[in-house]
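Protein chains: 2
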Amino acid sequence: MTLAQLGADVTRVDPIGGAADYHRWPLTAGGESIYWAGLNKGKQSVAVEMRSEQGQQLVRRLIIDAGILITNVTGRQWLSHSALSSHRADLIHLEVPGRPDGSTAVDYTVNAATGFPLVTGPAGSDGPVNHVMPAWDVSCGLYAALSILTALRHRDATGAGSAIRLPLDDVALATAANLGFLTEVMINGTRRPRLGNAIYGQYGRDFVSSDGVEFMVVALTARHFRDLTDLTGTATAVAAAEEKLGADFTDEGQRYQHRDVLDSLFAAWFRTQTAEQITAALSATSVLWERYRTFDEVIGTARVTDNPLFTALDQPGIGSYLAPGLPMSVDGVHRPARSAPALGEHTAEVLAARLGMGADEIDTLVESGVVAT
Amino acid sequence: MTLAQLGADVTRVDPIGGAADYHRWPLTAGGESIYWAGLNKGKQSVAVEMRSEQGQQLVRRLIIDAGILITNVTGRQWLSHSALSSHRADLIHLEVPGRPDGSTAVDYTVNAATGFPLVTGPAGSDGPVNHVMPAWDVSCGLYAALSILTALRHRDATGAGSAIRLPLDDVALATAANLGFLTEVMINGTRRPRLGNAIYGQYGRDFVSSDGVEFMVVALTARHFRDLTDLTGTATAVAAAEEKLGADFTDEGQRYQHRDVLDSLFAAWFRTQTAEQITAALSATSVLWERYRTFDEVIGTARVTDNPLFTALDQPGIGSYLAPGLPMSVDGVHRPARSAPALGEHTAEVLAARLGMGADEIDTLVESGVVAT
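So the sequences go chain by chain: A and B. Here this note's numbering is used: the first residue of the first sequence is 1, the next is one more, and so on. Here this note's numbering is used: the first residue of the second sequence is 374, the next is one more, and so on.
Take a look at the structure:
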């Protein structure tokens with residue numbers, strides 16, 4: 001989808017009836033998949049019976065015409081790089097298996113094996129806490145788009161194609177290592193504890209107002225921290241604690257190590273203030289903060305309703321709603337969101353335009369069940 | 374870092390003494406930042422006093438020579454697109470502010486305002502649960518690399534530069550909307566509940582073995598589900614439950630809706646099996662599963678120790694460890710990881726090579742405190 005948002009003609013080829021994600025929740029009251037519509041914006045859809053030799057032949061021709069393939073199906077000879085590149089030497093072929101050995105894995109199983117669920121959630125609690133945002137799927141999709149753009153630029157310059165493999169599990173492992181979660185254990189032999197909503201190595205956590213509203217508050221720099229002590233009227237108490245502990249709160253690590261003391265000093269102030277008072281007070285400082293929001297609160301804020309990232313999209317079968325484009329603007333402009341296709345909506349159009357097929361030929365393919373429109 | 378991993382010459386310009394992330398945890402016993410080393414692999418480092426006019430002038434010249442700028446500093450006139458593009462019309466200028474209005478935000482504050490923390494963690498629990506993996510930072514970094522590659526390809530083709538803005542908050546909002554979390558509320562008026570480790574709209578959750586080991590198990594398709602009922606010897610009981618409930622467990626949504634019934638049937642089997650028995654049994658099926666792992670377990674597995682994604686890296690000040698390259702291989706090859714620079718390590722080299730400065734000129738800049746080496 002990202003490549004379609006960047007302006008590429010992206011054709012998604014599905015089995016007739018749809019792949020496993022075609023009916024994925026959330027659904028509308030009428031049973032249409034909001035999930036599918038959200039992740040296929042701006043693509044063309046072609047439906048082919050890929051268990052038949054004729055269907056495979058058609059898909060092969062489409063790939064050779066396009067010159068780029070992205071697939072999460074691995075181990076099928078007819079879709080392999082060697083089979084396809086014999087027909088088009090400069091093919092860009094990207095496989096996204098679950099694991100490097102080609103076996104299947106999904107975000108939620110990959111995540112279990114990364115280490116993150118066992119350090120997520122309240123300090124002192126037991127058992128894993130899974131993420132709800134499928135971070136590995138999202139990162140993997142972005143790495144996939146990046147791989148294609150890099151290979152395209154390489155092909156532009158040299159004429160050569162690329163055979164790329166991007167296992168979902170390796171996306172997770174590379175990220176966990178880049179961020180220091182794995183390296184820390186390799187170097188220091190220690191792993192960080194479960195911290196609840198505290199931030200490792202920095203001062204940051206959640207606080208509750210007198211009227212029960214939760215805020216996330218982060219003091220990254222010495223200036224943020226000074227502002228936070230001033231705001232909460234705790235400068236004297238914090239300095240006294242600093243002296244008693246022999247600590248230096250200009251150091252981010254020491255603010256983290258002594259967070260329990262700081263938490264109790266700051267929390268006392270938050271508990272006496274309403275959400276409105278806290279919002280006004282924090283807004284006047286350098287402190288980084290946000291009020292926790294539910295999804296239904298988010299859609300009602302100006303961040304969505306008055307943001308050129310979102311444009312009104314009329315999605316057949318689902319309705320009209322505010323849909324995002326790419327998160328970046330280029331030269332001040334966000335490209336508006338485009339609707340997702342119905343399954344097979346572009347079968348006839350693509351076969352005609354890309355493979356030069358006539359209407360009769362396409363009708364025959366439909367009647368024999370090789371494609372669906 | 375991603376661009377450096379893709380082969381670009383990336384020069385990171387920092388203030389003398391380092392930016393806010395230079396001492397970020399995790400640290401080694403000797404106080405070196407594992408975090409900084411992990412996220413600056415393969416870059417060159419230049420240290421400049423950017424509060425001085427002379428320092429700003431140097432940085433401007435480096436940007437104009439490079440033709441590409443990525444910055445999270447916004448609102449500084451001397452680094453603005455208009456100021457810089459007057460010296461180089463084809464400049465690619467990427468700003469990454471926290472919010473679209475240019476104000477500061479970090480992953481943990483952005484996340485609080487997305488909606489995710491209020492649906493993460495055990496069903497029925499109160500309060501927010503923050504993610505530990507900074508998913509918005511990671512996604513934003515990948516979108517940044519993608520923006521640069523897209524703009525480069527555009528410049529290759531047309532000669533034109535680009536002014537790009539990529540707010541961290543918009544990365545989070547676009548992703549929450551793409552995945553259906555926001556759209557669902559817009560269309561249906563309902564938001565999903567907090568589900569613990571269950572997966573919304575599908576059958577999947579965690580189970581514990583007789584010896585206390587946790588597994589994540591996902592049955593995405595009808596075949597996965599059949600295999601799970603066969604494995605656990607619950608086919609008859611599941612069929613009886615299906616009939617009694619008037620349900621159709623070939624439908625993924627109905628498996629999700631009746632997950633409590635299914636959970637109890639399957640959990641009974643898991644509780645009677647050791648982790649070893651469960652591993653052997655699940656391995657023989659199509660079911661998607663993983664054993665939950667701690668970070669220290671992860672680094673000891675073949676996924677890390679016998680994976681060409683990781684290469685031995687000698688990082689000065691930190692030591693030798695297995696570091697990841699990019700998660701994708703190209704034509705069967707992973708580029709090996711490269712070490713991160715010491716702060717200012719390349720100041721002299723870059724000033725000489727890019728700006729044609731002589732040794733005397735550089736010495737004068739060092740002595741006057743404009744740069745550090």
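C-beta: ideal position from N, C-alpha, C; glycine also. Predicted, not measured: the structure shown is a model, and the values here were computed from it.
Notebook entry, point to check: How many angstroms separate the CA atom of residue 502 of chain B from the CA atom of residue 482 of chain B?
Noted result: 13 Å
Checklist line | Under 8 Å from the C-beta of residue 584 of chain B: neighbouring residues of chain A | finding: In chain order: nothing, as chain A lies at least about 15 Å away.
Notebook entry, point to check: Is residue 563 of chain B buried or exposed, if buried means 16 or more other CB atoms sit within 10 Å of its CB?
Noted result: exposed
Item checked: Per-residue contacts from residue 662 of chain B into chain A (C-beta, under 7 Å) -> 109
Notebook entry, point to check: Do you know how far the Cα of residue 618 of chain B is from the Cα of residue 475 of chain B?
Noted result: 54 Å
Next item on the list: Return no unless some Cβ of chain B is closer than 7 Å to the Cβ of residue 163 of chain A.
Entry: yes
Notebook entry, point to check: Could you check where the alpha helix (DSSP H) with residue 259 of chain A kicks off and where it finishes?
Noted result: 259 to 272
Item checked: Alpha carbon of residue 141 of chain A to alpha carbon of residue 571 of chain B, nearest angstrom -> 23 Å
Notebook entry, point to check: Hey, does residue 600 of chain B have any beta-carbon neighbour from chain A nearer than 7 Å?
Noted result: no
Item checked: 8 Å CB neighbourhood of residue 671 of chain B in its chain, flanking five on each side removed -> 677
Next item on the list: Measure how close the beta-carbons of residue 174 of chain A and residue 682 of chain B come, nearest whole angstrom, since I'm counting them as under 8 Å.
Entry: 6 Å
Next item on the list: Just the chain B side, please: which residues come within less than 8 Å of residue 386 of chain A by C-beta, in chain order?
Entry: Absent from the model: residue 386 of chain A. The displayed extent of chain A is 1 to 373, so no value can be given.
Next item on the list: Using 10 angstroms around the beta-carbon of residue 583 of chain B, count the other beta-carbons present and answer buried if the total reaches 16, otherwise exposed.
Entry: exposed
Check: What first and last residue would you give for the alpha helix (DSSP H) that runs through residue 2 of chain A?
Finding: 2 to 5
Item checked: Against chain A: residues of the segment 689 to 709 of chain B by CB proximity under 8 Å -> 691, 692, 694, 695, 696, 697, 698, 699, 700, 701, 702, 703, 704, 705
Margin query: Does the CB of residue 143 of chain A have a neighbour CB from chain B at under 7 Å?
Written below: yes
Margin query: Between the segment 93 to 102 of chain A and the segment 114 to 126 of chain A, can you find at least three pairs of beta-carbon atoms closer than 8 Å?
Written below: no
Margin query: When you compare the CB positions of residue 29 of chain A and residue 92 of chain A, do they come within less than 7 Å of one another, or not?
Written below: no
Note to self: Tell me which residues share the same chain as residue 596 of chain B and place their Cβ nearer than 8 Å to its Cβ, disregarding the 5 neighbours each side in the sequence.
What the structure shows: 659
Check: Should residue 87 of chain A go down as buried or exposed, given a rule of 16 or more other Cβ atoms within 10 Å for buried?
Finding: exposed
Checklist line | Beta carbon proximity, residue 234 of chain A to chain B, threshold 7 Å | finding: no
Check: Which class does residue 468 of chain B belong to by DSSP, given the choice of helix, strand or coil?
Finding: strand
Check: Beta-carbon of residue 147 of chain A versus every beta-carbon of chain B: anything under 7 Å?
Finding: yes
Notebook entry, point to check: Just reading off the beta strand (DSSP E) that residue 443 of chain B is part of, what are its end residues?
Noted result: 441 to 444
Check: Just checking my contact of residue 711 of chain B with residue 415 of chain B at CB under 8 Å: how many whole Å lie between their CB atoms?
Finding: 4 Å
Check: From what residue to what residue does the beta strand (DSSP E) around residue 44 of chain A run?
Finding: 44 to 48
Check: Name the DSSP beta bridge partners of residue 537 of chain B, please?
Finding: A/330, B/467
Next item on the list: Could you tell me the distance, in whole angstroms, from the CA atom of residue 735 of chain B to the CA atom of residue 684 of chain B?
Entry: 36 Å
Check: Quick one: is residue 131 of chain A near chain B, going by C-beta distance under 7 Å?
Finding: yes
Check: Could you give the distance in angstroms between the alpha-carbon of residue 604 of chain B and the alpha-carbon of residue 574 of chain B?
Finding: 22 Å
Check: How about residue 672 of chain B: is its C-beta nearer than 7 Å to some C-beta of chain A?
Finding: yes
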